[in-house]
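*Asks:* Take this structure, written in structure tokens, and hold onto it; I'll ask about it next.
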Amino acid sequence: MKKISFINEKIKKYNKKIYVPGDKSLSIRFVLIASQAIGKSTAYNLLKSEDVMNALKTIKKLGINYRIKKNFCEIDGKGLGGFKFKNNTIINAGNSGTLARLILGLLINSKKKVILKGDKSLSKRDFSRVILPMKKFGQNIDSKNNKLPIGIKGTNYPTPINYIESKASAQVKSCILLAAMKTNGITNIKCIPSRDHTERLYKYLKLPIKIKKEKKFELISFKGTKNYKAFNYTIPGDISSASFFIVLTLLTKNSKILIKNVNVNNSRTGIIDILKKMNGKIKIKNKKIYKGEESADIECKYSPNLKGIKINPKINSRAIDELPLIFCLVCAKAKGVSYAKKLGELRHKEQDRLKFVLKFLKMIGVKVIEKNNNLKIYGNPDLKLKQSYIIKNFMKDHRAFMLACIAALTLGGKKWIIHDKDSIDTSFPNFISLLKNLGAKIH
Ligand code: S3P
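Shown next as structure tokens:
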């Protein structure tokens, strides 16, 4: 496959209806949670991407069978004690932080050693955030500097824990909730709210989870060791994937798009709230509730009067994966200055995404000031690019690749040369073909 994309003209107006692939967070959670159920679970519209394939390969290595059919996937769960594998089994999580962090939770009681590895980008990311709570449960972990690869051996008697999670990380919270399933007692987590797919799935499975919302924190308590039956699930579209098409449409003259059946769980819709406040023309239609998750169609139109925004940092975790796209394109084209604060978590993603945002905005000539992880972006509605741009060396960050394509298709410029096209395989393999379907010229 060709690994570099070339774009040398803006996209022309379009009016289309599209579907984006299944949600990545929900797909990985389905695979891991179904692996612990008793019997055959089935998921329709599971995302078929590298991150999810790595989750499937992981459970297979741990003794759980699965089958991928044309439009569904089946997993033969064997209950909470059902993993069976040889000592020193190697698991490769590839690029997936979610898989690597969540699997630690399921290995809390493993009798044999697992070696957990990842690709170059994942091996640079911090694992202390999950190693710390897992050690409290009694898991044995050897690591160098809290980075992958790590060696993991569980404990026969994982003890429930009380833990304060203050990074607003859904991966940390979910890792703890998965480990807590295998303890004989109540685990309490006091956490800053973050995406809550694991909690919603536990509630749907009637597992004993209680959630109390306080002003700043949420108090979650969960009682372990209850086996649960296999289940069927249909995964809605991923709002993080939809967001590239939302921004493309806001910035493309006279265009309109309807993105069908997208997950609009409130812990994921920060991008909609931010863009609406910036005068983005977005409507949520046909909202439905399905097994504890909300989905809807998102209608979006060209929005010529975008204005700057002061983003309340409370919203950051609800838009964590979309913030770079909003900063680099929407704040850049809006009238006035935009402010965002407390962006430190962006430094812990597939690459340091705050650094990427700064580099990108400077490259396209938009004034930006960063101080202590706070940003000030001086938008320019008349921004017109004339030069050629090369985007490379960004640790194969799929979202950075897609952001650069949307920039090339909306901001213009002579020619954009965007490296690491294959990075989209981690989350959105048909990204380019969907863009071409709207009329984009990408070579
Ligand atoms: C995810 C949580 C977020 C997000 C990631 C997926 C999840 O990470 O950035 O893409 O599925 O739980 P953090 O938990 O590190 O914020």
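This note's numbering puts the first residue of the sequence shown at 6, with every later residue one more than the last.
Built from N, CA and C at the ideal position, the CB exists for glycine as well.
1. Cβ of F433 within 9 Å of Cβ of H403?
2. In the DSSP output, which residue or residues are listed as bridge partners for N167?
3. Got a sec? Which residues, its chain only, sit under 7 Å from K258 by beta carbon, not counting five neighbours each side?
4. Is A494 near ligand 1, judged by its Cβ being under 8 Å from some heavy atom?
5. Please go through the same chain and pick out, in chain order, the residues whose beta-carbon is closer than 8 Å to the beta-carbon of I33, but skip the five residues on each side of it.
6. Should I157 go down as buried or exposed, given a rule of 16 or more other Cβ atoms within 10 Å for buried?
7. I need the straight-line Cα distance from I23 to N385, nearest angstrom please.
8. Could you name the residues of the same chain whose beta carbon sits closer than 6 Å to that of K215, not counting the 5 residues immediately before and after it, in chain order?
9. Considering just the uninterrupted stretch of the alpha helix (DSSP H) at D56, what are its terminal residues?
10. Are there any heavy atoms of ligand 1 lying less than 8 Å away from the beta-carbon of I95, as far as the coordinates show?
11. For Y209, which three-state DSSP category applies?
12. Look at the alpha carbon of Y383 and the alpha carbon of K420, and state the distance between them as a whole number of angstroms.
13. Report the partner residues of K288 according to the DSSP bridge assignment.
14. Please find out if some non-hydrogen atom of ligand 1 comes closer than 8 Å to the beta-carbon of E350.
15. The beta strand (DSSP E) that contains L380, what's its start and end?
16. Buried or exposed: where does K149 fall if 16 or more other Cβ atoms within 10 Å of its Cβ makes it buried?
17. Grab the span of the alpha helix (DSSP H) containing C410 for me, first residue to last.
18. When you compare only the Cα positions, how much space is there between I73 and A39?
19. Exposed or buried, G110, counting other C-beta atoms within 10 Å across all chains shown (16 or more means buried)?
20. Taking the C-alpha atoms as reference points, what is the distance between K296 and Y233?
21. Under a three-way DSSP split, which group does A48 fall into?
22. State buried or exposed for H202, treating a residue as buried only when at least 16 other CB atoms are found within 10 Å of its CB.
23. What did DSSP end up calling K420 once you bin it into helix, strand or coil?
24. Just checking R205 against ligand 1 - is the residue's beta carbon closer than 8 Å to any of the ligand's heavy atoms?
25. How would you write the range of the alpha helix (DSSP H) that G102 sits in, first residue to last?
26. Return the residue from the list K211, P198, N20 and A235 that minimises the CA-CA distance to R219.
27. Three or more beta-carbon pairs under 8 Å between the stretch 60-71 and the stretch 235-251, yes or no?
28. Does F77 come out as helix, strand or coil in the three-state DSSP assignment?
29. V177 bridges to which residues according to DSSP?
30. Once DSSP output is grouped into helix, strand and coil, what is the label at I369?
31. Since G313 contacts K340 with CB under 8 Å, what's their CB separation in whole angstroms?
32. Expressed to the nearest angstrom, what Euclidean distance is found between the alpha-carbon atoms of F399 and A175?
33. How far does the alpha helix (DSSP H) with V267 in it reach, from first residue to last?
34. One question on the structure: do L280 and K21 come within less than 9 Å of each other, judged by their Cβ atoms?
35. If distances are taken between C-alpha atoms only, which option among P163, I80 and G27 comes closest to I113?
*Replies:* If we stick to the structure as given:
1. yes
2. N193
3. K18 and Y307, listed in sequence order.
4. Beyond the ends of the chain as shown, which are 6 and 448, falls residue 494; an answer cannot be given.
5. D56, V57, A60, S101, T103, L104 and L107
6. Classification of I157: buried, given that the 10 Å Cβ count is 16 or more.
7. 30 Å
8. Excluding positions up to five away in sequence, the list reads S226.
9. E55 to K66
10. no
11. helix
12. C-alpha separation (whole angstroms): 24 Å.
13. E304
14. yes
15. L380: member of the beta strand (DSSP E) spanning N379 to Y383, first to last residue.
16. exposed
17. H403 to L416
18. 14 Å
19. buried
20. Those two C-alpha atoms are separated by around 16 Å.
21. strand
22. buried
23. strand
24. no
25. G102 to L111
26. Arg is not the amino acid found at residue 219; the sequence shown has Glu there. Out of K211, P198, N20 and A235, P198 has the C-alpha closest to the C-alpha of E219.
27. no
28. strand
29. Looking at the DSSP assignment, V177 forms no beta bridge with any residue, so it has no partner.
30. coil
31. 7 Å
32. Each residue's alpha carbon lies about 24 Å from the other.
33. Taken as a continuous stretch (DSSP letters only), V267 belongs to no alpha helix (DSSP H), being part of the beta strand (DSSP E) at K261 to N268.
34. no
35. P163
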